[in-house]
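Down below is the structure, laid out as structure tokens.
Given below as structure tokens:
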């Protein structure tokens with residue numbers, strides 16, 4: 001009986017199988033790249049705000065401490081958005097007629113809070129406490145980047161689980177003294193001794209930081 005398929009059919013089948021495998025690999029790689037890209041992680045995200053507030057001007061130029069506006073960061077899970085009255089402690093005297101500050105003046109007059117767009121927006125299933133971090137040596141800069149160089153607030157970190165765990169598994173290099181928490185451009189000692197010392201001072205146990213319940217409650 002004559003064969004149903006010619007010999008070259010075997011080669012064609014191999015080519016097709018290899019092609020399918022290569023396509024699946026390419027799709028997987030593409031999906032992984034997209035998942036880790038700024039498109040997915042929002043790195044570089046800088047939404048338009050009701051007032052073009054510049055951290056570069058206020059922090060870098062005027063030297064305002066982060067806690068002047070984010071007053072609850074040491075005692076609350078949330079850093080908080082400053083009320084209009086905080087803005088007006090200065091702007092009732094400075095730039096009183098500036099057009100860009102019209103929404104601030106209107107907010108004060110109508111007693112209606114400004115509607116800011118959150119930049120660093122974690123998923124609902126993630127528990128994050130600002131006070132737990134800043135009271136244990138993690139500086140604002142570690143998560144928010146050099147805001148003193150940002151004309152508009154930009155998300156600098158991917159805020160992924162992998163990114164968080166990279167610090168939770170090895171927190172020592174990211175720790176600093178409490179009096180340096182809001183400092184921008186802080187450089188820790190390169191020998192690692194200070195980080196280990198700070199871990200002992202803050203009683204940080206990496207094994208606890210890696211438990212699921214630490215971030216998912």
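In UniProt numbering, the protein residues as written are 1 to 217.
We treat Cβ as the ideally placed atom computed from N, Cα and C, and that holds for glycine.
{"Asked": "Tell me, to the nearest whole angstrom, how far the beta carbon of residue 83 is from that of residue 103; I am working on the premise that it is less than 8 angstroms.", "Found": "Going by Cβ atoms, the distance from residue 83 to residue 103 rounds to 14 angstroms, so no, they are not a contact pair."}
{"Asked": "My output table needs one value for residue 175: the three-state DSSP class, helix, strand or coil.", "Found": "strand"}
{"Asked": "In whole angstroms, give me the CA-to-CA distance for residue 197 and residue 206.", "Found": "14 angstroms"}
{"Asked": "Using 8 angstroms as the threshold, is the C-beta distance between residue 195 and residue 173 below it?", "Found": "yes"}
{"Asked": "Using alpha carbons as the reference points, say which of 212, 127, 202, 78 lies closest to residue 171.", "Found": "202"}
{"Asked": "Give the secondary structure of residue 43 by DSSP, where H, G and I count as helix, E and B as strand, and everything else as coil.", "Found": "coil"}
{"Asked": "Based on Cα-Cα distance, which residue from 142, 152, 212 lies nearest to residue 181?", "Found": "142"}
{"Asked": "Looking only at DSSP bridge pairs, what is residue 138 linked to?", "Found": "175"}
{"Asked": "Check whether the segment 17-32 touches the segment 81-96, counting contact only when three or more Cβ pairs, one atom from each stretch, lie closer than 8 angstroms.", "Found": "no"}
{"Asked": "If we ignore side chains and look at the alpha-carbon of each, how far apart do residue 127 and residue 93 end up?", "Found": "39 angstroms"}
{"Asked": "Once you ignore the five residues that flank residue 72 on each side, which residues in its own chain have a CB closer than 6 angstroms to its CB?", "Found": "80"}
{"Asked": "Are three or more beta carbon pairs between the segment 149-156 and the segment 44-54 nearer than 8 angstroms?", "Found": "yes"}
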